[in-house]
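Asker: Let me begin by handing over the structure; questions about it come next.
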Amino acid sequence: MFIFTSKFFKVLFVVASVAILTVSLLPGKSLPSNLIWDKAGHFIAYAGLAGICRFASNKRQNWQIIIAVILFSFLIELLQQLIPNRSFEWYDLLANGLGALFGTIAAYFIKPLIIKK
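Just so we're on the same page, this note's numbering is the position in the sequence shown counted from 1, plus 28.
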């Protein structure tokens with residue numbers, strides 16, 4: 029049976045962060061444009077990122093995780109202004125923030141069920 033460790037989740041967090049950064053900085057015409065699925069994608073990506081971060085953390089740093097993930101999201105939104113056919117979008121930031129909040133809360137309750145001390 030595979031044992032999930034903090035190190036596993038730290039590596040997964042880095043991989044997920046790089047994946048989100050890479051996809052977020054693609055030129056705008058490379059991506060589909062369906063508003064509902066776009067915002068759902070933002071929510072899911074950042075919920076996953078925050079959840080992974082919560083699993084990687086040895087301490088209960090819930091607010092720090094939420095703030096860090098939202099700041100990461102904000103930085104990406106700023107960088108998108110430099111990419112052709114991309115722009116800063118407040119609704120993306122909102123979806124990202126709600127995803128970070130949901131992912132952190134979900135991981136808070138799920139982590140004790142998966143990782144036994």
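Idealized CB from N, CA, C, for every residue including glycine.
Along the alpha helix (DSSP H) that carries Glu105, what are the first and last residues, could you check?
Answerer: Here residue 105 refers to the residue found at position 77 of the sequence shown. It spans 90-108 - the alpha helix (DSSP H) in which Glu105 sits, taken as one unbroken run.
Asker: According to the Cβ coordinates, are Leu77 and Val97 closer than 8 Å?
Answerer: Position 49 of the sequence shown holds residue 77. Position 69 of the sequence shown holds residue 97. Taking 8 Å as the Cβ cut-off, Leu77 and Val97 qualify as a contacting pair.
Asker: Taking buried to mean at least 16 other C-beta atoms within 10 Å of its own C-beta, is Asn7 buried or exposed?
Answerer: Examination of residue 7 is not possible in this model, given that the chain is present from 29 through 145 alone.
Asker: Could you compute how far the alpha carbon of Asn90 sits from the alpha carbon of Ile133?
Answerer: Along the sequence shown, one-based indexing puts residue 90 at 62. Along the sequence shown, one-based indexing puts residue 133 at 105. Cα-Cα distance, rounded: 8 Å.
Asker: Just how far apart, CA to CA, sit Arg88 and Phe137?
Answerer: Locating residue 88 in the sequence shown gives position 60, counting from the first residue. Locating residue 137 in the sequence shown gives position 109, counting from the first residue. Their Cα atoms are separated by approximately 11 Å.
Asker: Output the distance between the C-alpha atoms of Ile93 and Gly131, rounded to the nearest integer angstrom.
Answerer: In the sequence shown, residue 93 corresponds to position 65, counting from 1. In the sequence shown, residue 131 corresponds to position 103, counting from 1. Roughly 10 Å separates the two Cα atoms.
Asker: Does the distance between the C-beta of Arg114 and the nearest non-hydrogen atom of the ligand FMN fall short of 7 Å?
Answerer: Because no ligand of any kind appears in the structure shown, any question about the ligand FMN cannot be addressed here.
Asker: Label Ser85 either buried or exposed according to how many other C-beta atoms from any shown protein chain fall within 10 Å of its C-beta, with 16 as the threshold for buried.
Answerer: Position 57 of the sequence shown holds residue 85. Flag for Ser85 reads buried.
Asker: Does the beta-carbon distance from Ala47 to Ile80 come in below 8 Å?
Answerer: Here residue 47 refers to the residue found at position 19 of the sequence shown. Here residue 80 refers to the residue found at position 52 of the sequence shown. Taking 8 Å as the Cβ cut-off, Ala47 and Ile80 do not qualify as a contacting pair.
Asker: For Leu121, report the span of its alpha helix (DSSP H) as first-last.
Answerer: For the purposes of this step, residue 121 is taken as residue 93 along the sequence shown, with counting starting at 1. Its alpha helix (DSSP H) spans residues 118-142.
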